[in-house]
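The block underneath contains the structure these notes are about, expressed in structure tokens.
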Amino acid sequence: MHDMSAEPAVHHLSPPQGFIRKHVFSLDHKVIGLQYYGLALAAVFIGMVLSWLMRLHLGWASLAIPGLQHLSPNGAPGGVITPEYYLSLMTMHGTIMVFFVLTNAPFAGFGNYFLPIQVGAEDMAFPRFNMMSFWVTFVAFLVLIAAFFVHDGPPISGWTSYATLSSVGGISGPGEAMGQNLWAVSIALFCVGQLLGSLNFIATTLDLRTKGMTLGRMPLSTWAWFITACIGLLAFADLLPATILLILDRTAGTSFFNPAGMVVSDTLLPHSGGSPLLWQHLFWFFGHPEVYIAIIPGFGIVSHILPAFTRKPLLGGMRVMIGCLIAAGFLSYMVWGHHMFVSGMNPFSAVLFSVPTLIITIPFTVATLMFLGSIYGANLRFTSASLFCLGFVSVFISGGISGFFLAQPSIDTYLHATYFVVAHFHFVMAVAAIFGIFAATYFWMPKMIGRMMNDTLGKLHFWLTFIGVYCIFMPMHYLGIAGNVRRYASFTDDYLVPLIPVHKFITIAALLTGAAQFIFLYNLIHTRWWGPLAPENPWEATSLEWSTTSPPPFDNFGGRHLIVHQGPYEYNAEGAAQDYVMQTDPDFVARS
Amino acid sequence: MGKFFAILLIIITLVSVYPIVTHMWWMPEVVSAHGPAVDHQLDETMIGSGVLFITSQFVLAGFIWAFGNHKGKIKNWPGGHRPVVAFGIILVGLEILSLSFVGSKVWASMYITKPDLNALHVDVQAEQFAFFFRYAGPDGVFGSIHPDKINDGSGNYFGLDPENDVAARDDIVVGTLTIPVDTPILLTLHSKDMIHNFYVPELRIQQDIVPGIDIPLHFTATKTGKWEIVCTQLCGLGHYSMKAYLQVMSKPEYDDWLKQQSGD
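Chains C and R are the protein sequences, given in the same order. Each residue of the first sequence is one higher than the one before, starting from 26 at the first, in the working numbering. Each residue of the second sequence is one higher than the one before, starting from -18 at the first, in the working numbering.
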């Protein structure tokens, strides 16, 4: 503990008074980080329950799920999910998970909380933007959830909302009237929130670093959030206008995505001149970088946490990992067409998009090798956090490998839109990113709420989840290879019927793995109020968040201006008194 | 705990690989001329990435086994990071190069090379939630499509205008794609409403059908039989039930079938 009573607070805002300013409309990046985390937590459990409903329907199509008819009398009469309600559940699952979980938690949540602390700042560069960013995102979430309660139910066009299903209005199917409008408005709002957040991250990283915190001494987690913010600034600036165009097509009679001569339900539509492929280009120009917005913070988090539990710096040091992440971020803007190999775009361009897609495996392979090499010769400590880091490496390898298949147009022509794709993106972006979120939670929650989480429950949570995700997603590869098409509400086709037992197995695995997440929820809630108090630096880690109290005071460092003397990962450095050197340690001289 | 983790990881890896090696669930039979090349490309990729998958999971398991709870002196990777980075770049680089070169040839043979000049031309109309197939009839010319005349109730799925359009009068419209074996086929894909997809797993071919664009697709079926044509692009509430059949006949059978259709 540092004595902080003697020095005056240097925060340019005085500490907030009153419940509303402290906990609701707070300008404090730590509160906003927790708000994002809380929103993501609510979202992930909703998303998970939606996936349970989908999985139940895929295994047992005629199963009546008690109570579901109350949520949607039309979508689930008598509790039995209709094909269109299956698509609604799928659309909402994807949208909630990608936007409100995988973007919110690792980037906006942990980034908001720890980026300013890790660079030694008292807050974000623009605290009011920051507050606005969260509340706009919160409203976006409410707007999306409202789709469950409108008359025609949630949209059925998937999280990708391809035109023309999404762009011609209610005539194209249930959920495509008000439900799809709400989806588009929600995503547009979400983009605004992320743009504000990204600006904030970039400005804070560049302008608010404390004395001695050179770019080379910034922790890899902060580097990853910074790179993600740069990607996000471009990606959401693309999706925002795209969703506005979609809203115009739907409500103002424009034809950005609607061509001439469309006949829906024997009605000739008045549109002319648009292209459904334009939506796909705009969407995937956002959509592929979005995958990296979800996973790059995971790489940063694992790069940051792993050294604390291997007691040695990452192999290749900071530079190799930073290089990998920047290369991946840059390449993410050159590969959007690999989602569109069979979309009807010029087949020559498929070759052009395939090559950078395959090249993108190089930075990720190198990053993975750096993780593996870092475990070699380590004093590996097993905690809930380190287990999830190791699990991250394993599931990322499993998910990355299947990318080799899908990156090739000649194989994609068989595997496109099958469960192979579902397996690939769930492993590589969803499960890997979630493992990063779990690792970050077990690692940082002592700092964020000032109490230690239960490690035994954390480890139990890990083992069940690790085995569970392999049972859920590995069989999906086999389904894909057998030609099982995704986004089907049930399998009436002759050639898919033999695969139903595999679906049943996956459903059971999903139910059990989902149930295991309640161990995590219990652990988190129990810790918040009853966990043992956390010391300042429980993991014997080095970066600035461990040089302040748990949780940190309003101005982060109790009026102190920290001066940084060391790199972020001085573990087992030669000549040091103990096996780690804090970034603020003025005495140690690194041998280089 | 390290040893438990390592053993678990090895079990997961082996169990994951087993169904692939034994082809427990595998691609259906291949019935197109270009199909074997696709399968070959998939097999090659499977071997390359399978080796990478097994090796990297085993290395991870091995390191966790060896260094879990290890208390001794910290060791660094012998030789530093540079050889590892170079190894990664070269290994993956070579894999990428070989996959790209071979794969692009396979892709080009399907989508970039021109269809055979004598290919049998069939027009395809996709709609929520059905496929229809049109043959030019004895005159060899397709009637033009008039979107305003499309009417499912009267069976005018293509929007033909036989009253004013001579070419449309003998067009044959059916619900099953019937084709002769070993004959180059050229499809022109239209959609009247949503994006649909033409996917026949046995043909190893998949192509979106996009409203506003006429997309050509060519292939040659090498076996007689009947297979499903399924839609793989989310097109609405009945998406899962949108299918038709591909019927591949011997040449004489096909000629008989066509004669029968024209006679109707």
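Don't be surprised by glycine CBs; every beta carbon is placed ideally from N, CA and C.
Notebook entry, point to check: With respect to the beta strand (DSSP E) encompassing Q188 (chain R), which residues constitute its N-terminal and C-terminal limits?
Noted result: 186 to 190
Next item on the list: Kindly say whether P182 (chain R), judged by its beta-carbon, lies nearer than 7 Å to any beta-carbon of chain C.
Entry: Chain C, which has a Cβ nearer than 7 Å to the Cβ of P182 (chain R), makes this yes.
Notebook entry, point to check: Would you call E10 (chain R) buried or exposed, if buried means 16 or more other Cβ atoms sit within 10 Å of its Cβ?
Noted result: exposed
Notebook entry, point to check: What number of angstroms, rounded off, separates the C-alpha of F34 (chain R) from the C-alpha of Q60 (chain C)?
Noted result: Taking the straight line joining both Cα atoms gives about 38 Å.
Note to self: Any beta carbon from chain R within less than 7 Å of S30 (chain C)'s own beta carbon?
What the structure shows: Bear in mind that the predicted position of S30 (chain C) carries a pLDDT of just 37, short of 50, making it unreliable; the figure below should be weighed with that in mind. Closer than 7 Å: no.
Next item on the list: Please confirm if T203 (chain R) has its CB atom under 7 Å from at least one CB of chain C.
Entry: no
Notebook entry, point to check: Within the 7 Å Cβ cut-off, does F179 (chain R) reach chain C?
Noted result: no
Check: List, in order along the chain, the chain C residues whose C-beta lies closer than 8 Å to that of V191 (chain R)?
Finding: P301, L302, S368, G369
Note to self: Check whether the region 388 to 395 of chain C and the region 341 to 350 of chain C touch, using three or more Cβ-Cβ pairs below 8 Å as the test.
What the structure shows: yes
Margin query: If the criterion is Cβ atoms closer than 7 Å, does the pair T213 (chain R) and A442 (chain C) meet it?
Written below: yes
Next item on the list: Pull up the distance between the alpha-carbon of N145 (chain R) and that of G124 (chain R), whole angstroms please.
Entry: Straight-line Cα distance between these residues: approximately 10 Å.
Check: By the criterion of Cβ-Cβ separation under 8 Å, what are the contact partners of R185 (chain R) in chain C?
Finding: T438, Y439
Check: The alpha helix (DSSP H) with I55 (chain R) in it runs from where to where?
Finding: Per DSSP, I55 (chain R) belongs to no alpha helix (DSSP H) and is neither H nor E.
Check: Using a C-beta cutoff of 7 Å, does A602 (chain C) count as contacting chain R?
Finding: no
Next item on the list: Would you list, in chain order, the members of the region 545 to 579 of chain C that have their beta-carbon closer than 9 Å to a beta-carbon of chain R?
Entry: none
Check: Is it buried or exposed for L170 (chain R), if we count other Cβ within 10 angstroms and need 16 for buried?
Finding: Classification for L170 (chain R): buried.
Notebook entry, point to check: Since I259 (chain R) meets chain C, which of its residues come closer than 7 Å, beta carbon to beta carbon?
Noted result: Coverage of chain R is limited to positions -18 through 245, which leaves residue 259 (chain R) absent and any answer about it impossible.
Next item on the list: Compare the beta carbon distance of A247 (chain R) and A67 (chain R) with 7 Å and say whether it is the shorter of the two.
Entry: The requested residue 247 (chain R) is not part of the displayed model; chain R covers only -18 to 245.
Checklist line | Residues within the region 334 to 350 of chain C neighbouring chain R, beta-carbon criterion of under 7 Å | finding: R336, K337, L340, G341, V345
Notebook entry, point to check: Going along the chain, which residues of its own chain have a beta-carbon closer than 6 Å to the beta-carbon of L405 (chain C), five neighbours each way excluded?
Noted result: T335
Margin query: So that I know if they touch, is there some Cβ in chain C lying closer than 7 Å to that of I210 (chain R)?
Written below: no
Next item on the list: Give a yes or no on whether 7 Å exceeds the smallest Cβ distance from N57 (chain R) to chain C.
Entry: yes
Margin query: In chain order, what are the residue ranges of uninterrupted alpha helix (DSSP H) at least 4 long that sit wholly in the region 87 to 135 of chain C?
Written below: 93 to 96, 108 to 120
Checklist line | Close beta carbons around F151 (chain C), own chain, < 6 Å, minus the five adjacent residues each side | finding: Hits under 6 Å: N225.
Notebook entry, point to check: If you run the structure through DSSP and keep just helix, strand and coil, what is I(-9) (chain R)?
Noted result: helix
Notebook entry, point to check: Rounded to whole angstroms, how far is the Cβ of G194 (chain C) from the Cβ of R275 (chain C), which I believe are closer than 8 Å?
Noted result: 6 Å
Notebook entry, point to check: Relative to the alpha-carbon of G58 (chain C), which residue among C:F125, C:F413, C:F159 has its alpha-carbon at the smallest distance?
Noted result: C:F159
Note to self: Let me check one thing: in DSSP terms, what residues is E209 (chain R) bridge-paired to?
What the structure shows: R:Y226
Item checked: Host beta strand (DSSP E) of N178 (chain R) (start-end) -> 177 to 181
Notebook entry, point to check: So is P332 (chain C) in contact with chain R if we call contact Cβ pairs under 7 Å?
Noted result: Using beta-carbon distances, P332 (chain C) does not count as an interface residue toward chain R, since no partner is under 7 Å.
Check: Can you find at least 3 beta carbon pairs, one from the region 434 to 441 of chain C and one from the region 578 to 595 of chain C, that sit closer than 8 Å?
Finding: no
Notebook entry, point to check: By Cβ distance below 7 Å, which residues in the same chain neighbour G508 (chain C) in space, the five residues on each side in sequence not counted?
Noted result: T443, Y520
Check: Can you tell me whether DSSP reads F407 (chain C) as helix, strand or coil?
Finding: coil
Next item on the list: Say whether chain R places a C-beta atom closer than 7 Å to the C-beta of H27 (chain C).
Entry: Low local confidence applies: a pLDDT of 46 at H27 (chain C) is under 50, so the model's placement there is unreliable, with the coordinate-based value given in what follows. With 7 Å as the cut-off, H27 (chain C) does not count as an interface residue toward chain R.
Margin query: Give me, in chain order, the residues of the same chain whose beta-carbon lies closer than 8 Å to that of K207 (chain R); leave out the 5 immediate sequence neighbours on both sides.
Written below: Y226, L227, Q228, V229
Checklist line | Amino acids of chain R, ordered along the chain, whose beta-carbon sits closer than 7 Å to that of L293 (chain C) | finding: P128, D129
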